[in-house]
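The end of the sequence shown is residue 235 by the working numbering, with every number in the run present.
All residues carry an ideal CB built from backbone N, CA and C; glycine is no exception.
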Amino acid sequence: MTKQIPIILVPGLLCDERVFKAQTEALADLASVRIADTTGCDSIEAMAAAILEDAPEKFALCGFSMGGYVCQEILRQAPERVDRLALISTNARADSDEARAFRKELLSISSEGHFEEAVDRLLQHLLPAARQDDPELTTLFHLMADRIGPAGFERQQRAIMERPDHLKELSEIPCRTWVLCGHDDPLMAHATQLEMATGIPTSMLASLPNCGHLATIEKPNEVSGYLRRWYLA
């Protein structure tokens, strides 16, 4: 691998390029870094196809949360184009009935004109108890959410609810993969991250202590360090 291989970072639900701000800066001396924009798409498959249409022939790929679902779909559509893969705070399973019910509840709150309340409810499921009232994290997440807006939120939630299950396809991922998660993620259980890492033949798992779901902004330096090593390995 040469340092000229570009890196594509795929944000999560209600997130824009600011969720990868620290990582973009940390990787800038190694490669060209671009943040994928999937906000106009209404399915995970369409998000993946849009990224592939605009992507170079070969690239390193990293996805956070919903972005991880998109990355797995990219691997399904064009595995030969991905040089290496990093999956942060995500999983390979389709939504459970409980997860779909929660997403529908948030959509109902948002559609009734209470988008900010829906974002607050979501944050309760993303941050560990000790950081529920962290003004830096909550303010940044709200700013990103406001930019995506209620219509984008609905598109993203419905895409996530309808996404395919990729668990059985993990063994077919051909490239070197790093799985990174927050040990205290209230949304993605540590066992889920381990299941995903175990299912990918060429993977390693790194768990960040005292970190919830929003790993890239909760532990920006640590995540950036892992991604530098991931790219250079």
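According to the DSSP assignment, G227 belongs to the alpha helix (DSSP H) that extends over 222 to 234. Assignment of S112 by DSSP, reduced to helix, strand and coil, places it in the helix class. The three-state secondary structure of T200, taken from DSSP, is helix. Of P13, E107, Q25, C177, the smallest CA-CA separation from G227 is found for Q25. Bridge partners of S209 according to DSSP: C183. Judged by DSSP secondary structure, C43 falls outside any beta strand (DSSP E); it is assigned neither H nor E.
Here A217 really is in contact with L210; their C-beta atoms are around 6 Å apart, less than 8 Å. Boundaries of the beta strand (DSSP E) around L63: 61 to 66. The residues V21, F66, S67, M68, G69, in chain order, have a CB closer than 7 Å to that of G14 in the same chain once the five nearest residues on each side in sequence are set aside.
In this structure, A161 sits near D44, with a CB-CB distance shorter than 7 Å. The beta carbons of L54 and V84 sit no closer together than 7 Å.
Inclusion of L189 and H215 in the CB contact set at 7 Å is warranted, their separation being smaller than that value.
Straight through space, the alpha carbons of E82 and A193 are spaced by roughly 29 Å. When the five nearest sequence neighbours on each side are left out, the beta carbons in the same chain lying within less than 7 Å of the beta carbon of Q79 are those of A50, A51, L54, in order along the chain.
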